[in-house]
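Here is the structure we will look at.
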Amino acid sequence: MRRGGEIRKARQGEAGLLAQLRRPPGGRDARIMLLAQFLDRAGTGVWAASSVLYLTFVVGLDAGRLGLLLGAAGVAGIAGSPLAGHLADRFPLRALLIGCHLVRLGTLCALLVVTDFAVLLPVFAVTHLGDRAAKTLEMLFATRVAGERRATYQALSRSSANAGYALGAGLSAIGLAVGTRGAYHVLILANALSFLVAALLVWRTREPRGRGLVAAPPGGAAPGTAPAATATGSGPAPSAWRDRGYLRFVLLDIPMNLDDSILGVGLPLWLVSHTTAPHALIPAFLVVNTVLVVVLQLRVSARFQGARAATRAVVLYGVTTLACCVLLAAAAGGGMWTASAALLAAAVLATAAELMRSVSSWELAVSLAPPQARASYLGVAGMAQSVQKSAGPLLLTGAVMTAGPAGWLVLGAAVAGLSLVQRRSGLRRLDELRAVAERAAAQPAPAR
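The sequence shown runs -19 to 428 under our numbering.
So this is what it looks like as structure tokens:
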């Protein structure tokens, strides 16, 4: 009977994507939020595919100033996640997310008239800060409306987001083919419009349950006491910045996001500079990634339900990343067909790593955080992805590819080793949290 129940649950978890989108965890509000995310990412895909060309050929930035602009924006984005988590503990989540969309709407519209580099810097910084804050708030929304089925919601979110990115990139090709200043302005307005519509859709949702002030009594907590305070419900509100165990998880999660830079930066540049594969193969990497994520994310998430299963996904992330790096190293020594096959297989493995990461990072960030301060903790956890987006490309271009094939092998081995450390650390913290909760439950209720 038990085995039959497990099979039924697995089949339910593998239900069709469209059916799940019609009836997502969280009901009506989740369905509206997924639509808002799809439109948001479609607009972002339009701008992401055209921004570098716009800044180069319309605004007239050289490579140095363009790199400085994007680097400064990435650094500003790092602050978006913890800021959003801090505010979400104190203000309505829905209002904050609408505010993020409207801020991005304003900064995108400013690009229609701003060409001065000194003004572009803060405009881009605010835009990226709003981007990261919005993603963290969407994550918090999911934890509150989807509850224990948050992994399924996350899978649906990633599938719809990737579909949105692909749609946006396809639409941008039309404007890029025209190539005029007016065509670029239409692309910018399309992205701005997506933020406006997303804000209107979020306005139609209801404030999810779980919002409330995390009131901190006088006094401070000793480092590492967050789990105990949470379990007993007494003491000061836990802070992720004083919780060594959680900060260790966030630090180790940074290299567990490197698949993003490998796919977006490493694969194309390695193809161009170190292999004989045709340049026309580069768009295929995005196609492979988008199709596989949309088709497989829900099934992968159904097989890694819960925090302990997520720690297994961490190890699989390390293994698939190592295999991806081995193929990249091998691609440099083969002919055109061999290199092309190796690079396409590496793109598949990088996507497999992304599928594992979307399960492990999401679930562990939630499960390792104290429920009463989950918003602020998840804000800190969101920094891992932001830091990787800023440091990952520099690591690949400045160290890994400079070292040649050996650089990829070292990177893959390092990520695989750190994934084992992350699994062990995550399991230890889960055991500590459970032990503290059991001790708290065994304590007699205070006399009235």
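No residue lacks a Cβ here, since even glycine has one placed at the ideal position from N, Cα and C. For clarity, every value in this text was computed on a predicted model and none was experimentally measured.
Does the structure place the stretch 329 to 345 close enough to the stretch 71 to 91 that three or more beta carbon pairs sit under 8 Å? no
Within the same chain, show all residues whose beta-carbon is closer than 7 Å to that of LEU92, passing over the 5 residues directly before and after it, in chain order. HIS165, ILE168
Do you know how far the Cα of GLY397 is from the Cα of TYR297? Those two C-alpha atoms are separated by around 11 Å.
Please name the residue in ALA415, VAL346, VAL416, GLN368 whose C-alpha comes closest to that of SER124. At residue 124 the sequence reads Arg, which differs from the Ser that was named. Ranked by Cα distance from ARG124, the first of ALA415, VAL346, VAL416, GLN368 is VAL346.
Distance, GLN402 Cα to PRO235 Cα: 10 Å
Check ARG419 in the structure and name its three-state DSSP category. helix
Checking 7 Å against the spacing of the C-beta atoms, do GLY244 and SER61 come in under that value? SER61 is positioned such that its CB atom lies no closer than 7 Å to that of GLY244.
Residues in its own chain within less than 6 Å of ASN171 by CB, not counting five upstream and five downstream? GLY23, VAL26, TRP27, LEU88
Within 8 Å, do at least three Cβ pairs link the stretch 353 to 367 to the stretch 220 to 234? By the criterion of at least three beta-carbon pairs nearer than 8 Å, the stretch 220 to 234 is in contact with the stretch 353 to 367.
What's the gap between the Cα of LEU413 and the Cα of ALA420? 11 Å
Compare the Cα-Cα distances from ALA417 to each of PRO350, ALA394, PHE18 and report the closest residue. PRO350
Expressed to the nearest angstrom, what Euclidean distance is found between the alpha-carbon atoms of VAL103 and ALA16? Between VAL103 and ALA16, the C-alpha separation is close to 23 Å.
Should ALA(-1) be labelled buried (16 or more other beta-carbon atoms within 10 Å of its own) or exposed? Classification of ALA(-1): exposed, given that the 10 Å Cβ count is below 16.
Short check: CB of SER281 to CB of ILE58, under 7 Å? no
Where THR107 falls: helix, strand or coil (DSSP): helix
Determine the direct distance from the alpha carbon of LEU120 to that of GLU(-14), and round the result to whole angstroms. Bear in mind that the predicted position of GLU(-14) carries a pLDDT of just 40, short of 50, making it unreliable; the figure below should be weighed with that in mind. Looking at the two C-alpha atoms, the distance is approximately 29 Å.
Measuring straight from C-alpha to C-alpha, what distance separates ASP240 and ALA394? CA-to-CA, the gap between ASP240 and ALA394 works out to about 16 Å.
Let's test the definition: count the other Cβ atoms within 10 Å of the Cβ of HIS81 and tell me whether it reaches 16, buried, or not, exposed. buried
Per the contact definition of three or more C-beta pairs closer than 8 Å, is the stretch 72 to 80 in contact with the stretch 182 to 189? yes
Compare the Cα-Cα distances from LEU410 to each of ALA386, GLU343, THR377 and report the closest residue. GLU343
How is MET381 classed by DSSP in three states: helix, strand or coil? coil
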